[in-house]
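Undergrad:
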Amino acid sequence: MTALVASLDKNSYGLADQGKSLSHENHFGLPSKWEPRYPNDHTTQGRFEYQMDDLVVYGRIPNEIEGTWYRAHPDSRVTQPPNFPFIDGVGFVSALRINNGGASIRGRYVETERYLLERKDGRRLFGRYRNPYDNHPCLQLANDSTANTNVIHWAGDVLAISERGLPYAVNPDTLETRTFDPYGGQVSARTFTAHPKVDPLTNKLVTFAITAKGLQSDDIVTYSIDTKGRIENEFWFKQDNRGWSHDCWVTENWIVLSNMPFTTNSDEEMMTPDADYWKFVPGRAQEFLVAPRYPGASPPEGWKEGDPFTSFNIFDFWNPDGYQLPEPKSDYVRWTIELQQPSGSKVSPPKVLYPRMCEFPRFDDRFLTRQTKIAFLVGLGGPSNGAPPMNKLIKLNTETGEMEVFNAAPGGSFEEPAFVPRSPNAPEGDGYLPFHSSRPSSPKSELILLDTNEFSRPVAVIQLPWADRNQVHGSWVPNPYPDQPLVPLGSPIKDHIPSVKYGPLAKIQ
Ligand SMILES: [Fe+2]
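Numbered according to my numbering, the sequence shown spans residues 740 to 1248.
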């Protein structure tokens, strides 16, 4: 047996250390091409599509909840080299539907060009985020959009979006892919933010695109999309400092982008192995870029010198040689931008609302564009060997400082919650929070439903029969046609005529 192990190609498969004893725990030393992607038995695998009705529910799902929680899970179908970035997996959309006190689920790959080409060839063809030199040379004309970062519902479609390209439209029930670029031909941008916002007062989708005319472009466009998919208020401008604007804030008249201190690597730099597209610029100030939502406004051209802070988890990604990173922080803060100040003004330090590490802040989307007071945060903390775990769900009243905390099981973690209003006219923040939970004491994923007025224990725990692949973002979508009941997602959705034929051996005698 020892001789057999020694003859295997260790380098190809990352075979377990030959010095270890051969046991069931190390799969008897047998190699697998999947070892780089799944280094241990606890790595969630994904790579399967599913549908299921009547999920196992502990507790009670309130009858007033009727809608669908869509989430985006990067999940390559093919093998990847070790340490291939999670965010470069192809798009997979899951939909958890809640109605009549029960839950059903469906999950499908978004059939992007990237996914279809790799499925056809049975191997990885595309590379790291927006680095064309990391793709197979035959793919120069291929669309590399991953559709893997966020999922929203707009103009009758579910949009699977990633900021590197344009959206894919997906059927809200079947999750079958409908089309690439559903608003095609109206705006010439080649990208689309992963974080567009629905303005509840105007019922318009407010969005933007960075590096909008190509990889080395300084062009940004902001615009809105109406409920018929028509573009309005298109506004183009150039960045003084090429930077990375991932998310945005939207007020009644302005859209504000957070321009993080990054620039793009040159073609030559991107040709080196494992090169990234974005490059952190140590010491450069963070900027806010303020753009008008409507024609006729006189926008400031951009705030050019703020305090050198970051609003995004960049410390997880880049650590340039020779640069001493400050103590990582991800407080929840409120910035105030004085629009009457001239372009280039320094922004005053923010008010710290939650002084500890947190991520994935959510609030009641019905109050977008207005000042809100209730925030829901995923808190990080506790012992860990690497990044601190996201193990707290926090409700914060930013006016009073009152806080409630729901803790994960020992060693467990949470992911980004969604917010479900208790009723259309419920007060701000009054409703439910669905969020994914995992714990080492269970091999299954749990989707927890927490009442925002009762953090001592959830109202329901929806159990999946598998460990879910990590998500990025997602959104809750109330039944868009309340006069029609939502169909359960585990049953066939398209009409079909079942056969009534049966063989003689199947007859009841
Ligand atoms: Fe994001």
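Glycine included, every Cβ here is placed at the ideal spot set by N, Cα and C.
At a cut-off of 7 Å, would you count arginine 933 as near ligand 1, judging by its Cβ distance to the nearest heavy atom?
TA: The amino acid occupying residue 933 in the given sequence is alanine; arginine does not appear at that position. Answer for alanine 933: yes, Cβ within range of ligand 1.
Undergrad: If you draw a straight line from the alpha carbon of glycine 1229 to that of aspartate 792, how long is it in whole angstroms?
TA: 4 Å
Undergrad: Is glycine 768 helix, strand or coil when you go by DSSP?
TA: helix
Undergrad: Could you tell me whether the segment 832–847 touches the segment 870–879, where touching means 3 or more Cβ pairs closer than 8 Å?
TA: No, the segment 832–847 does not touch the segment 870–879.
Undergrad: Cβ of threonine 888 within 7 Å of any heavy atom in ligand 1?
TA: Flag set: Cβ of threonine 888 near ligand 1.
Undergrad: Jot down the residue ranges of each uninterrupted beta strand (DSSP E) in the segment 889–931, minimum 3 residues, whole runs only, in chain order.
TA: Listed in chain order, they are 889–893, 896–900, 907–909 and 916–919.
Undergrad: Exposed or buried, what is arginine 1196 when buried is set at 16 or more other beta-carbons lying within 10 Å of its beta-carbon?
TA: exposed
Undergrad: Does the distance between the C-beta of histidine 812 and the nearest non-hydrogen atom of ligand 1 fall short of 7 Å?
TA: no
Undergrad: Below 8 Å between beta carbons: does that hold for tryptophan 1215 and glycine 846?
TA: The answer is no: Cβ separation not under 8 Å.
Undergrad: Rounded to the nearest angstrom, how far is the Cβ of glycine 1150 from that of arginine 1178, given a contact under 8 Å?
TA: 7 Å
Undergrad: Just the C-alpha distance for glutamate 993 and tyrosine 922, rounded to the nearest angstrom, thanks.
TA: A small correction: the amino acid at residue 993 is tryptophan; glutamate does not occupy that position in the sequence shown. Each residue's CA atom was taken as its position, placing tryptophan 993 and tyrosine 922 some 22 Å apart.
Undergrad: Using 8 Å as the cut-off, can you tell me whether the segment 963–974 makes contact with the segment 884–904, which would need three or more C-beta pairs spanning the two stretches below that distance?
TA: yes
Undergrad: In this structure, what does DSSP give as the bridge partners for glutamate 1143?
TA: According to DSSP, glutamate 1143 bridges with Lys1134.
Undergrad: So does aspartate 986 have its beta carbon nearer than 7 Å to some heavy atom of ligand 1?
TA: yes
Undergrad: Pick out whichever of Ala1030, Phe1106, Asn1146 and Ala1114 has its Cα sitting closest to the Cα of glycine 1120.
TA: Asn1146
Undergrad: Return yes when the Cβ of tyrosine 1071 is within less than 8 Å of the Cβ of leucine 1116, no when it is not.
TA: yes
Undergrad: Which stretch, first to last residue, makes up the beta strand (DSSP E) that contains lysine 1183?
TA: Unbroken run through lysine 1183: none, as it is neither H nor E.
Undergrad: Is it right to say aspartate 748 is buried, meaning 16 or more other beta carbons lie within 10 angstroms of its own, or is it exposed?
TA: At aspartate 748, the pLDDT of 38 sits below 50, so the modelled position is not reliable; the number obtained from the coordinates is stated separately. Its Cβ having fewer than 16 others within 10 Å, aspartate 748 is exposed.
Undergrad: Answer with buried or exposed for glutamate 1141, where buried requires no fewer than 16 other C-beta atoms within 10 angstroms of its C-beta.
TA: exposed
Undergrad: Please identify the residue among Pro1231, Val926, Arg1023 and Glu973 whose C-alpha is closest to the C-alpha of asparagine 980.
TA: Minimum Cα distance to asparagine 980 is reached at Arg1023.
Undergrad: Only counting runs of 4 or more residues, tell me where the alpha helix (DSSP H) segments fall wholly within the segment 811–860, in order along the chain.
TA: As far as the segment 811–860 is concerned, its whole alpha helix (DSSP H) runs of at least 4 residues are 852–860.
Undergrad: Determine the direct distance from the alpha carbon of proline 821 to that of glutamate 1008, and round the result to whole angstroms.
TA: 21 Å
Undergrad: Please identify the residue among Asp958, Trp1205, Pro1160 and Phe1153 whose C-alpha is closest to the C-alpha of proline 1250.
TA: Beyond the ends of the chain as shown, which are 740 and 1248, falls residue 1250; an answer cannot be given.
Undergrad: Among Ser1069, Lys1090 and Lys1068, whose alpha-carbon lies nearest the alpha-carbon of isoleucine 1076?
TA: Lys1090
Undergrad: Would you say histidine 1212 touches ligand 1, meaning its beta carbon is less than 7 Å from a heavy atom?
TA: For histidine 1212, the Cβ falls inside the 7 Å cut-off from some heavy atom of ligand 1.
Undergrad: Find the nearest neighbour of glycine 1213 within the set Phe1174, Thr885, Asp958 and Pro1224, judged by alpha-carbon distance.
TA: Phe1174
Undergrad: Distance, Cα to Cα, isoleucine 900 vs glutamate 1026?
TA: 24 Å
Undergrad: Less than 7 Å between C-beta atoms, sequence neighbours within five positions excluded: which residues of the same chain meet that for aspartate 1190?
TA: Tyr1171 and Val1198
Undergrad: Taking 6 Å as the limit between beta carbons, can you name the residues of its chain near isoleucine 1201, skipping five residues before and five after?
TA: Leu794, Val796, Ala842 and Leu1186
Undergrad: Whose C-beta lies closer than 6 Å to the C-beta of isoleucine 826 among residues of the same chain, with five residues either side of it excluded?
TA: Pro813
Undergrad: Under the three-state reduction of DSSP, which class applies to phenylalanine 1099: helix, strand or coil?
TA: strand
Undergrad: Could you say if the segment 952–961 and the segment 903–914 meet the contact criterion of at least three C-beta pairs nearer than 8 Å?
TA: no
Undergrad: Under DSSP, the beta strand (DSSP E) around glutamate 1026 begins and ends at which residues?
TA: 1026–1031
Undergrad: Report whether the distance from the Cβ of alanine 1148 to the nearest heavy atom of ligand 2 is below 7 Å.
TA: No copy of ligand 2 occurs in the structure displayed; its ligands are ligand 1 alone.
Undergrad: I want to know whether the segment 883–892 touches the segment 926–941 - three or more CB-CB distances under 8 Å.
TA: Taking a cut-off of 8 Å on C-beta distances, the segment 883–892 touches the segment 926–941, as three or more cross pairs fall below it.
Undergrad: Expressed to the nearest angstrom, what Euclidean distance is found between the alpha-carbon atoms of proline 1231 and aspartate 1207?
TA: 22 Å
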